[in-house]
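Asks:
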Amino acid sequence: MDLNANIYIAGHRGLVGTALMGSLKEAGYTNLLFRTHAELDLTNQAAVEAFFKLKKPDYVFLAAAKVGGIYANNAYPAEFIRDNLAIQTNIIHAAYQNNVKRLIFLGSSCIYPKFAPQPIKEEHLLTGQLEETNRPYALAKIAGVEMCWSYNRQYGTQYLSVMPTNLYGPGDNYHLENSHVIPALIRKFHEAKISGAPSVTVWGTGAPRREFMFSSDMADACVFLMNLSDENLHNLLGSDESITGEFSPPLINIGVGEDLTIRELAEMVRDVVGFQGEIVFDSTRPDGTQRKLLDVSKLSALGWKARTSLKSGLEIAYLSFIAARN
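Residue numbers for the sequence shown follow our numbering, so the first one is 2 and each next one is one higher.
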């Protein structure tokens, strides 16, 4: 990407978008395009098409999505499939109509089967049933991968789907019911520390294993991928299965390559926050998938690796949480 290229970040105020904005600015990119939801409703096809026609972005990072944890996915399944399908359909098609050079579509590791072999490889997509607690969201994201693949085959576009592992960092959502596990734990332990509570209750048994990545690392990986040579990018854009006979979607995992149990995570967050009490696990609450570790060998082979340790990232995230409340 030329430093003066027009780069549109859809969803610039979320966890992913905030990190992308930071990485792009740090790398010296100056023409960053973004709109708030009030300025541009991405579920409105006419509005999205008008924006693309007017601004003519050269590159697009599609980070906009309706996201949430297990509770939110169970409570609002219709919104999770409807809004995500609309957002990605509108943006991907508008990108094609306006000759966007490259697009990166950000999905989630929940697109992979519930019982996928570990660590999960890109080719495990569509090989088994999904985790039921977030199936509507996962199906919408799978449709986004297929849409990128279809446009690449039919129109020769350069649209790449990236599947980040579980993310955390500055700009996260700290709602106790609608947030993901790390921001929920940070808030719970912080409020327990302030109130002097003797214990904090964590959903589930604490046994499931999860992989976590600092949001800035994920953003750096996305900028790295957008700047790949034509040859290296072409190898990631998927094959025409009717010709090659190979299932090879335009998909690459982004992660750190290691995981830990939710119990170990909770203990680490407790230490970072400075809470002195007990951790109680509520086994009546759902655990979700027992393990979800991404195989990141494809990304590693291109020369990229995450830099931020989990403890260091948690410390930065907690300081950001404190700053946002003051």
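Quick reminder that beta carbons are idealized off the backbone N, C-alpha and C, glycines included.
(1) Checking the sheet assignment: what are the DSSP bridge partners for Val163?
(2) Which two residues bound the contiguous beta strand (DSSP E) that contains Phe62?
(3) Whole alpha helix (DSSP H) runs in the region 185-244 with 4 or more residues, listed along the chain?
(4) Just tell me which of Val61, Glu178, Glu242, Leu131 has its CA closest to the CA of Thr158.
(5) So Ser217 packs on Gly170, CB below 8 angstroms; how close in whole Å?
(6) Just to confirm, are Ala329 and Leu104 a CB contact at a threshold of 7 angstroms?
(7) Just to confirm the assignment, what range does the beta strand (DSSP E) spanning Gln11 have?
(8) Run through the DSSP bridge pairs and tell me what Leu33 is partnered with.
(9) Using three-state DSSP, classify Phe282 as helix, strand or coil.
(10) Name the two residues that bound the continuous alpha helix (DSSP H) containing Gln130.
(11) Would you give the residue range spanned by the alpha helix (DSSP H) that His94 belongs to?
(12) Would Asn85 and Ala141 qualify as a contact pair, given that the criterion is a beta-carbon distance under 7 angstroms?
(13) What's the C-alpha gap between Leu177 and Ala185?
(14) Among Ala20, Met227, Ile323, which residue has its Cα nearest to the Cα of Lys189?
(15) Could you give the DSSP three-state label for Leu41: helix, strand or coil?
(16) Measuring alpha carbon to alpha carbon, tell me which of Gly15, Lys194, Ala79 ends up nearest Ser180.
(17) Determine which residues share a DSSP beta bridge with Tyr169 and list them.
(18) What whole-angstrom Cβ distance do Val203 and Gly258 have, given they're in contact under 8 angstroms?
(19) Exposed or buried, Phe215, counting other C-beta atoms within 10 Å across all chains shown (16 or more means buried)?
(20) Comparing C-alpha positions only, which one of Leu294, Asp288, Glu265 sits nearest to Ile280?
(21) Are the Cβ atoms of Glu123 and Leu21 separated by less than 7 angstroms?
(22) Using 6 angstroms as the cut-off, classify the Cβ of Ile88 as near or not near the heavy atoms of the ligand FMN, replying yes or no.
(23) Within the continuous alpha helix (DSSP H) that includes Glu27, where are the two ends?
(24) What does a CB cutoff of less than 8 angstroms around Glu132 pick up in its chain, not counting 5 residues either side in sequence?
(25) By DSSP, does Lys312 sit in helix, in strand, or in coil?
(26) Nearest to Thr44 by alpha carbon, out of Gly18, Ile71, Leu25, Ile82?
Replies: In this structure, then:
(1) Leu107, Ile253
(2) 60-63
(3) 216-227, 231-235
(4) Val61
(5) 6 angstroms
(6) Outside the shown range of the chain, which is 2 to 327, sits residue 329, and nothing can be said about it.
(7) Before going further, note that residue 11 is Ala rather than Gln in the sequence given. That run of the beta strand (DSSP E) goes 8-11.
(8) Ile8
(9) strand
(10) No alpha helix (DSSP H) holds Gln130; DSSP gives it neither H nor E.
(11) 78-98
(12) yes
(13) 5 angstroms
(14) Ile323
(15) coil
(16) Gly15
(17) Phe215
(18) Not confirmed; about 25 angstroms, so no contact.
(19) buried
(20) Glu265
(21) no
(22) Summarising the ligand content, the structure contains no ligands, and the ligand FMN is consequently not present.
(23) 16-27
(24) Cys111, Lys115, Ala139, Gly289, Thr290
(25) helix
(26) Ile82
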